[in-house]
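In the working numbering, the protein residues as written are 193 to 354.
Virtual Cβ for every residue (Gly too), placed ideally from N, Cα, C.
These numbers come from a predicted model, not from an experiment.
Input: a single structure, listed below in structure tokens.
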């Protein structure tokens, strides 16, 4: 069963309120579509239409990576909209399978390996966070997009800390 959590605005700075949304779902074949559609709907509703295409692609890549590569039965997609900054975090329970940082795009004809290279090319910044200290329990791959077309175009987001 998938669950969605919607939180109210957070007062973190002067300017528009911060909104966070969370989808928890099984790691299953249909969930890249579910996750990208959810994030796209959130961004459209928040007035970030210019960022929808990039966000859809990157969310799809990260959720597909969980489904294909992580030894986990559940994933969480958290989207935080903070003014012009959009942070998306995809978390799974397989901290051992931490993705490598891409150094280049795969060769022409390669069937795999483009996901993180796309994230690197399209995101304002991105990274991997392992949670749990000495005894890691899960990891998140996150990215930030800054919608310069939205009001203010300010970049309030910092590296996610969860």
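DSSP on residue 216, reduced to helix/strand/coil? strand
Excluding sequence positions up to five away, which residues of its chain have a Cβ less than 7 angstroms from the Cβ of residue 232? 244, 247, 248
Is residue 286 closer than 9 angstroms to residue 323 when the C-beta atoms are compared? no
Just how far apart, CA to CA, sit residue 335 and residue 275? 16 angstroms
Whole-angstrom distance between residue 341 and residue 284, CA atom to CA atom: 32 angstroms
Assign residue 209 to buried or exposed, taking buried as 16 or more other Cβ atoms, counted over all protein chains shown, within 10 Å of its Cβ. exposed
Give every residue of the same chain whose Cβ lies closer than 8 angstroms to the Cβ of residue 310, excluding the five residues on either side of it in the sequence, and list them in chain order. 249, 250, 253
Whole-Å CB distance - residue 281 paired with residue 332, under 8 angstroms assumed: 5 angstroms
Residue range of the beta strand (DSSP E) that residue 260 falls in? Careful: residue 260 lies outside any beta strand (DSSP E), inside the alpha helix (DSSP H) at 244–261.
Once you ignore the five residues that flank residue 266 on each side, which residues in its own chain have a CB closer than 8 angstroms to its CB? Result list for residue 266: 216, 217, 218, 219, 284, 285, in chain order.
Buried versus exposed, by CB contacts within 10 Å (16 or more), residue 221: exposed
Can you give me the C-alpha to C-alpha distance between residue 318 and residue 312, rounded to a whole angstrom? 7 angstroms
CB residue 235 to CB residue 273, shorter than 9 angstroms? yes
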